[in-house]
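Chains as they are written, first to last, in full-length UniProt numbering: chain A, 1 to 258; chain B, 1 to 260.
Just so you know, even glycine gets a beta-carbon here, dropped at the ideal spot from N, CA and C.
As the structure is a prediction and not an experimental result, all values here were calculated from the model.
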Amino acid sequence: MSSDLTLYHWEPNANSGKPMLTLVEKGVSFNSHYIDLLAFDQHKPDYLAINPMGTIPAMTHGSRLLNESTAMMEYVEEAFPGPAMMPDDPVDRWRVRWWMKFLDQWLCPSFSMIGWSIFIGPQVRARDPRELEAAIERIPLPERRIAWRKAIYGLFSAEELAESRRRVDLGIGMLEDALAKREYLGSNQYSLADINLFNSAYGLPSQQPDDVNDEKTPNIMRWLRSVARRPAVKQTWTYSRVPRFAERILPLIEEATA
Amino acid sequence: MTTLFLYHGEPTGPSLTVLAALFESGLAADLLHIDLAMAQRHAGEVPLGFEANYSVEGEGPVLVVDGEPTVDSVFIGCLLDDLAPQSGLRPTDPYLRWEMMAWCRWMIERLAPGAAALANIAWTTPRLAALDDAEFEGLVAPIEADDLRDRWRQTRAGLLSDDHRKASEARVHEATKKIDDRLADRDWIMGDFSLADLESYAWVAPMRDLIPAAFEGKPRLAAWLERVKTRPSVARALAQAQKPEPAHGFAPGPEINRWG
């Protein structure tokens, strides 16, 4: 690959998946640079030299650095030709942006608090404690340091986890309502809001089969299949290296494309 | 022809951003002043849809566009720019736009929750504490989002943990330094005037009364505060005030990041 665009990413889901799927949807070629989140690659000097914030994903376009995954998606949409990932109507565009903020700040942090407490925390806690402390101390942003500490040592309180579960349950209902009203999340057109949501919600039917299924949430299921069917989604998963993530999405893609 | 109704509070925080952005756009709108700090947004007169009820920004202004209530000041700013593309609210270059959105996200995600908490405790808590329980509960009963109603109750009770207070004050210091540094080679945050100036000013300026130390020894910041304040759109927005201290007219804003 020889492109002046390089994407630094972890697994092709959540925040890393947002700019990646946008790039693939628009047919933009890029160099892929996998950063292993579970090995704390994002806080090592090599990566901090590229993205001093130590967050994933980041993107370099020529000599310019971009971070903040949602803002990166809008950049990709505006800087490159290819199919439009934003609707034309100004109020539809507003609604797409509203959903992305709501997902980024209200719903998805609840998904990830639960995910980190179940999966990522226990996974990294098995490491050498001194190595972990050193890794935490290298994190440049103080708020990320607090978040990692909580995740690594399982410090989320019962109240915090209960509030996250409340938001996920409520959020599932909100998504079902929104997708009953429109074909896609922010408008009747596939957009950045769908890319944003899909990257965090593809695992819902397998993780919460009692809450997200064809009887209770037919519109979420219809929408999940219609996004999973997109060739770009399948293509982004060729960048996955952690089988546990791929195992959760590949059956959905297979079922949707069958 | 698009019809616009703007329900706004005192010209501070998100209401200031949206009023000034509207005036920058040159679009015509009916202005309807409401007392956000007395939960008038929920009293029945303001049309609220799902998005307004669950706005991450909390109690901000509502711009009704052809019957659809829109919320969240930065995105209302983008919407006004989409409706009036010559407004100059956003740069046209995609990279500068990214930079502006990343800047605004810092202001609304990192600064605003803390700034809102400090402003509410200082100025809104006494107003709410003066109400009797039944009157207060009557005001917040129609609020649909449980977590927003909880923030109202915490505001009335004046609850802010020491950790959150310290983190919020640190954010104000960080914001004033960020702006002062940014202005080393320019008059406006993005070079040319933009939504980033409005959003930053709307959250930062009211902090002068609360954390004066964050403003000391920053001449570029001081000059920029004056420049923004006297810009015609902002001066006109500030003229919408109905109270002697409009900067103090806050209502429960965005929640402090649950991840720490």
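Would you call the CB atoms of residue i and residue j closer than 8 angstroms?
i	j	result
A:F156	A:S206	no
B:V62	B:V74	no
A:I220	A:L175	yes
A:I136	A:R127	no
B:A37	B:A237	no
A:I152	A:V124	yes
B:T17	B:G114	no
A:E68	B:A102	yes
B:G253	B:G58	yes
A:N51	A:L38	no
A:G186	A:W99	yes
B:I179	B:L118	no
A:K18	A:G82	no
B:P94	A:A79	yes
B:W152	B:A39	yes
A:T22	A:I253	no
A:Y8	A:M86	no
A:A228	A:A256	yes
A:T6	A:F40	no
B:R258	A:P109	yes
A:R241	A:Y34	yes
B:S233	B:E24	yes
B:L22	B:V65	no
Quick test of your reading: residue i and residue j, contact by CB under 8 angstroms. State the CB separation rounded to the nearest angstrom.
i	j	result
A:F111	B:V56	Not really, about 16 angstroms apart at Cβ, beyond 8 angstroms.
B:H173	B:A116	16 angstroms between Cβ atoms; not a contact.
A:D211	A:D169	7 angstroms
B:D83	B:P69	The sequence shown places Leu at residue 83 of chain B, not Asp. Actually they are not in contact, since the Cβ atoms of B:L83 and B:P69 sit about 16 angstroms apart, beyond 8 angstroms.
B:M107	B:W203	6 angstroms
B:R127	B:V140	At roughly 13 angstroms, the Cβ-Cβ gap does not stay under 8 angstroms, so B:R127 and B:V140 are not in contact.
B:E169	B:I211	6 angstroms
B:G158	B:T12	Their Cβ separation, rounded to whole angstroms, is 20 angstroms, which puts B:G158 and B:T12 out of contact at 8 angstroms.
A:V91	A:V28	Going by Cβ atoms, the distance from A:V91 to A:V28 rounds to 28 angstroms, so no, they are not a contact pair.
B:L183	B:A205	No, B:L183 and B:A205 are not in contact; Cβ-Cβ is about 15 angstroms, not under 8 angstroms.
Terminal residues of the continuous beta strand (DSSP E) containing residue i?
i	result
A:H61	A58 to H61
B:D30	D30 to H33
A:L21	It is not in any beta strand (DSSP E) - A:L21 instead sits in the alpha helix (DSSP H) that spans A14 to K26.
B:V71	It is not in any beta strand (DSSP E) - B:V71 carries neither H nor E in the DSSP assignment.
A:R64	R64 to L66
A:L103	From DSSP, A:L103 is part of no beta strand (DSSP E); its letter is neither H nor E.
B:G5	Here the sequence assigns Phe to residue 5 of chain B, which means Gly is not the residue at that position. Element bounds for B:F5: L4 to H8.
Can you tell me where the alpha helix (DSSP H) with residue i in it begins and where it stops?
i	result
A:P122	G121 to R125
A:P87	Looking at the DSSP string, A:P87 is not in any alpha helix (DSSP H), and its letter there is neither H nor E.
B:H164	D162 to R182
A:V168	A158 to K181
A:T55	First-last for A:T55: undefined, no H or E at that position.
B:L148	D146 to A157
A:F111	C108 to G115
A:S226	P218 to A228
A:S69	S69 to A79
Given that residue i touches chain A, what residues does it touch there, using C-beta distances under 7 angstroms?
i	result
B:E10	Those do not exist, as B:E10 stays about 24 angstroms from chain A at its closest Cβ, beyond 7 angstroms.
B:D72	W98 and K101
B:L83	P90
Would you say residue i faces chain E, with C-beta separation under 8 angstroms as the test?
i	result
B:R41	Considering every chain present, this structure includes no chain E. Its protein chains are A and B.
So which residues on chain B does residue i lean against when the C-beta distance must stay under 8 angstroms?
i	result
A:E160	R258
A:V91	V65, D66, E68, T70 and L79
residue 260 of chain A	For chain A, the structure presents residues 1 to 258; residue 260 of chain A sits outside this window and is missing.
A:Y140	Tyr is not the amino acid found at residue 140 of chain A; the sequence shown has Pro there. Per Cβ cutoff of 8 angstroms: no residues; A:P140 is ~13 angstroms from chain B at best.
Below 8 angstroms on C-beta distance, what does residue i contact in chain A?
i	result
B:F75	W94, R97, W98 and K101
B:Y54	F102, W106 and M174
B:E59	Ordered by position in chain A, no residue passes the 8 angstroms Cβ test against B:E59, which lies about 15 angstroms from the chain.
Which residues of chain B have a Cβ atom closer than 9 angstroms to the Cβ of residue i, listed in chain order?
i	result
A:E143	R110, A167, N257, W259 and G260
Could you tell me which chain B residues have their CB closer than 7 angstroms to the CB of residue i, listed as they occur along the chain?
i	result
A:L66	W98
A:P122	Here the premise fails: no neighbours, minimum Cβ distance about 18 angstroms.
A:P109	R258 and W259
Mind listing which residues of the stretch 68–89 of chain A have their C-beta closer than 8 angstroms to chain B's C-betas, in chain order? Hits within the stretch, in order: E68, T70, A71, M72, E74, Y75, E78 and A79.
Contact residues within the UniProt domain "GST C-terminal" (93–250) of chain B, judged by C-beta distance below 7 angstroms to chain A: Taking 7 angstroms as the Cβ-Cβ cut-off against chain A, the residues of the UniProt domain "GST C-terminal" (93–250) of chain B that qualify are P94, Y95, R97, W98, M101, A102, R105 and E109.
Just by C-beta distance, which residues in the stretch 21–32 of chain B are closer than 8 angstroms to chain A? For the stretch 21–32 of chain B, the set of residues with a beta-carbon nearer than 8 angstroms to any beta-carbon of chain A is empty.
Near-chain B residues of the stretch 18–30 of chain A - C-beta to any C-beta below 9 angstroms: From the stretch 18–30 of chain A, no residue has a Cβ closer than 9 angstroms to chain B.
Give the residues from the stretch 33–62 of chain A that approach chain B closer than 9 angstroms (Cβ to any Cβ), ordered along the chain. Only those residues of the stretch 33–62 of chain A whose C-beta falls short of 9 angstroms from the nearest C-beta of chain B are listed: H61.
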